Each structure stands twice: as C-alpha cells, then as structure tokens.
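Enquirer: Residue numbers for the sequence shown follow the working numbering, beginning at -4 and rising by one.
Positions of the beta carbon are idealized from the N, C-alpha and C atoms, including for glycine.
Predicted model, so just to flag it, every value in this text is computed and none were measured.
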Amino acid sequence: MSGTRDVYTFGDDAVAAGRLDLLAHVYEQPTRSLLARWAPARIGLAVDLGCGPGHTTRLLHTVLEPARLVGVERSPAYAALARENVADLPGVEIVEEDVTQPLPVEGADLVFARFLLTHLAAPAAALQVWTRALAPQGRLIVQETARLVSSDPALGRYYELVAELQERHGQALDVGSRLGELAAGSGLVVERAGIRPLVQRPSEMAALHVLNLRSWRHDPEAGDFDDAELDALDEALVAIARGGPAEPVEQDLGELVVAAAP
C-alpha cells in the first residue's frame, strides 16, 4: 500500500460525486431490504459511516426515522455536499472524521456502512472500531461487494483492472466475501453473514464504471496502466451505458449484521 492513509480509490471530485448519484439509485432496493430485516425497531441514534454526499444518510432517515442521525465522512468535499443534501432533514448532522479512528459518537442503536470496507486496508480493525460505538442492544450493519463478474469483454476487463488497482492500495474489491470471517476472527457477535445475489443491468453498471474509470485512471498506482487501453475501455463502457449490446453483470452482495458485545 502506498502511504499510511487509506485511499478512497474512486475520488471525490464532481465526476466521482455524479457516480455516487447513480450508485444510490442502483443499490437503494437491496439496502432497503437489508435494513428492513435487520435494523432495530426503534432507533434513537443511527450512524452512517462514509456517508459521501449524503445519499445513504437520506435513505437511513427515510427508512428508519431515527431520532438522531450522524453521517461520518472524511472527505471535506463530500461532507460539504452531504450537509447541503440533508439540510432539510430534522435531527441529521454531518461530521468530518476518519472512520478508522474512534467514532465521534457513542451509544448508537445502529451503525451502517455500505461499500466502505472495500476501501480500507485493515477491515477487521475497522469493524472493531465501529462496534465500540454501539449501544448495548445496537447493531452494526454492513453491505459490501462479494463478487462482481461479467463475460462481457469491456465489463470483465474493467473488473480486472479495478481489482488490481485496489490490491495495490492494500484493498479488496471482493471484501464482502469475507465479512463473516473478518467479524468472527475479531471476536464480534455475528447475527448474519450472508450473500444477496443480484443480476445487474449492464447499462447501469457501465454508467457507474465509466465515471469510476475517469476518476481512478489518474491515481498514481494506475500510472503503468496502458492509456490506449483505458481510452478504448472508456469508449466501450460509454457504448454499453447508452444501451449497446452487453453481457449481464452478476454481483453478490455480502451482508453482515453484528450485535453489540454482551
């Protein structure tokens, strides 16, 4: 891993923010389903980790109606966007903090993280930090990619490249496949460690991926990737995003529910 600070591989500029707008739409339903099944019935305090520009924060507020909701985001750019995007929601605040450090709140009934562990080099340690913020009957709920594949040449090659880039940063694209193992190995109380299989629309996924590509291709760790190949991949993903022919995308979402320590 280059450096000692975790890197958000997909960036926080305007292009990256636009990608998170699309992501919020694509994954809203699976996240709603997970929360409906496993979130505590009554929530005084909920915490949204790595809240980005506030899409998951708004979703948590809508689905769970907590008395208080805190979004935690390290990026100043995303934290500022989140404050704008949730300004109309009562009882919601955004704090600019590093999620790998002790959280700025405690006694949470729910701590939630989606597609966050994949960007951390020490995911087991992060899980331990997060559970320490739980109230006695609280739950930590995590959703991460466990598998992401396609037989389509452009989509398949994109997944190979982004997995390699994340590996160079000490991260794992498929960290969702190890959530139960990571939690159990850390001595946490696991209530659910399962997989939710999805078949994603190639056009939606390509629209997400081309925005990702335009962010991470400038990452220093991608400096030896072939520019001509990345240009061609960008063009191919745009064509798929516009409705061009493509093979399906299969994705498994890893789901983890951890109870507060007894």
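Measuring CB atoms only, is the region 201 to 219 touching the region 9 to 26, in the sense that at least three cross pairs come out at less than 8 Å?
Expert: The answer is yes - the region 9 to 26 touches the region 201 to 219, with three or more Cβ pairs under 8 Å.
Enquirer: Taking Cβ positions, are residue 17 and residue 34 nearer each other than 8 Å?
Expert: Translated into the one-based positions of the sequence shown, residue 17 becomes position 22. Translated into the one-based positions of the sequence shown, residue 34 becomes position 39. Result no, Cβ atoms of residue 17 and residue 34 do not sit closer than 8 Å.
Enquirer: Could you have a look at residue 136 and say whether DSSP puts it in helix, strand or coil?
Expert: Stepping through the sequence shown from its first residue, residue 136 is reached at position 141. The answer is strand: DSSP assigns residue 136 an E or B state.
Enquirer: Give the DSSP-derived three-state secondary structure of residue 166 in the structure shown.
Expert: To locate residue 166, count along the sequence shown from 1; it is residue 171. Residue state, collapsed to three classes: coil.
Enquirer: Quick check: what's the CA-CA separation for residue 104 versus residue 220?
Expert: Indexing the sequence shown from 1 puts residue 104 at position 109. Indexing the sequence shown from 1 puts residue 220 at position 225. Straight-line Cα distance between these residues: approximately 44 Å.
Enquirer: To the nearest angstrom, how far is it from the Cα of residue 178 to the Cα of residue 129?
Expert: The count along the sequence shown starts at 1 and reaches residue 178 at position 183. The count along the sequence shown starts at 1 and reaches residue 129 at position 134. Those two C-alpha atoms are separated by around 15 Å.
Enquirer: Taking all protein chains shown into account, do 16 or more other C-beta atoms lie within 10 angstroms of the C-beta of residue 215, making it buried, or fewer, making it exposed?
Expert: Position 220 of the sequence shown, counting from 1, holds the residue named residue 215. With fewer than 16 Cβ atoms within 10 Å of its Cβ, residue 215 is classed as exposed.
Enquirer: Out of 114, 14, 198, 133, point me to the one whose CA is closest to residue 107's CA.
Expert: Here residue 107 refers to the residue found at position 112 of the sequence shown. The residue with the shortest Cα to Cα distance from residue 107 is 133.
Enquirer: So what does DSSP say about residue 101, is it helix, strand or coil?
Expert: For the purposes of this step, residue 101 is taken as the residue at position 106 of the sequence shown. Coil at residue 101, not helix or strand.
Enquirer: Just tell me which of 2, 0, 7 has its CA closest to the CA of residue 206.
Expert: Sequence index remark: in the sequence shown, residue 206 carries index 211 (1-based). Checking every option, the nearest Cα to that of residue 206 belongs to 7.
Enquirer: Which word fits residue 96, buried or exposed, when buried means at least 16 other C-beta atoms lie within 10 angstroms of its C-beta?
Expert: Position 101 of the sequence shown, counted from the first residue, corresponds to residue 96. The residue is exposed, with fewer than 16 neighbouring Cβ atoms inside 10 Å.
Enquirer: When the Cα atoms are used, what is the spatial distance from residue 156 to residue 14?
Expert: Position 161 of the sequence shown holds residue 156. Position 19 of the sequence shown holds residue 14. In a straight line, the C-alpha of residue 156 is about 18 Å away from that of residue 14.
Enquirer: By Cβ distance, which residues of its chain are closer than 6 Å to residue 72, with the 5 residues on each side in sequence left out?
Expert: Along the sequence shown, read from residue 1 onward, the residue named residue 72 stands at position 77. Correct list, in chain order: 7.
Enquirer: Residue ranges of each beta strand (DSSP E) run of no fewer than 3 residues wholly in the region 142 to 200, ordered along the chain?
Expert: As far as the region 142 to 200 is concerned, its whole beta strand (DSSP E) runs of at least 3 residues are 184 to 195.
Enquirer: If you drop the 5 nearest sequence neighbours on each side, which residues of the same chain put their C-beta closer than 7 Å to that of residue 180?
Expert: For the purposes of this step, residue 180 is taken as residue 185 along the sequence shown, with counting starting at 1. Contacts found: 119.
Enquirer: Whole angstroms is fine: what's the gap from residue 210's alpha carbon to residue 101's?
Expert: Against the sequence shown, residue 210 aligns to sequence position 215. Against the sequence shown, residue 101 aligns to sequence position 106. Taking the straight line from one Cα to the other gives about 34 Å.
Enquirer: Let's test the definition: count the other Cβ atoms within 10 Å of the Cβ of residue 50 and tell me whether it reaches 16, buried, or not, exposed.
Expert: Within the sequence shown, numbered from 1, the residue matching residue 50 stands at position 55. By the 10 Å Cβ count, residue 50 comes out buried.
Enquirer: Please classify residue 164: is it buried, with 16 or more other beta-carbons within 10 angstroms of its beta-carbon, or exposed?
Expert: The residue you call residue 164 lines up with position 169 of the sequence shown. Buried.
Enquirer: Measure the alpha-carbon distance for residue 39 versus residue 228 and round it to whole angstroms.
Expert: Along the sequence shown, one-based indexing puts residue 39 at 44. Along the sequence shown, one-based indexing puts residue 228 at 233. Spanning the two alpha carbons is a distance of roughly 46 Å.
Enquirer: Suppose you measure from the CA of residue 217 to the CA of residue 153; what does that come to, to the nearest Å?
Expert: For this step, residue 217 is matched to residue 222 along the sequence shown. For this step, residue 153 is matched to residue 158 along the sequence shown. When rounded, the distance between both Cα atoms is 13 Å.
Enquirer: What whole-angstrom Cβ distance do residue 245 and residue 29 have, given they're in contact under 8 Å?
Expert: On the sequence shown, residue 245 is found 250 positions in, with the first residue counted as 1. On the sequence shown, residue 29 is found 34 positions in, with the first residue counted as 1. About 19 Å separates the two Cβ atoms, so there is no contact after all.
Enquirer: Would you mind working out which of 80, 42, 92, 68 sits nearest residue 137, comparing C-alpha positions?
Expert: Working through the sequence shown from its first residue, we reach residue 137 at position 142. For the residues 80, 42, 92, 68, the minimum Cα distance to residue 137 belongs to 42.
Enquirer: Work out the CA separation of residue 208 and residue 240 for me, nearest whole Å.
Expert: Within the sequence shown, the letter at position 245 stands for residue 240. Within the sequence shown, the letter at position 213 stands for residue 208. For residue 240 and residue 208, the distance between alpha carbons rounds to 20 Å.
Enquirer: Determine the burial state of residue 256: buried for a count of at least 16 other Cβ atoms within 10 Å of its Cβ, exposed for fewer.
Expert: If you number the sequence shown from 1, residue 256 lands on position 261. So residue 256 ends up on the exposed side.
Enquirer: Rounded to a whole number of angstroms, what is the C-alpha to C-alpha distance between residue 65 and residue 223?
Expert: Locating residue 65 in the sequence shown gives position 70, counting from the first residue. Locating residue 223 in the sequence shown gives position 228, counting from the first residue. If I take the Cα positions, the gap works out to 43 Å.
Enquirer: Distance check for residue 3 and residue 12, CA to CA, integer angstroms please.
Expert: Position 17 of the sequence shown, counted from the first residue, corresponds to residue 12. Position 8 of the sequence shown, counted from the first residue, corresponds to residue 3. Using only the alpha carbons, I get a separation of about 12 Å.
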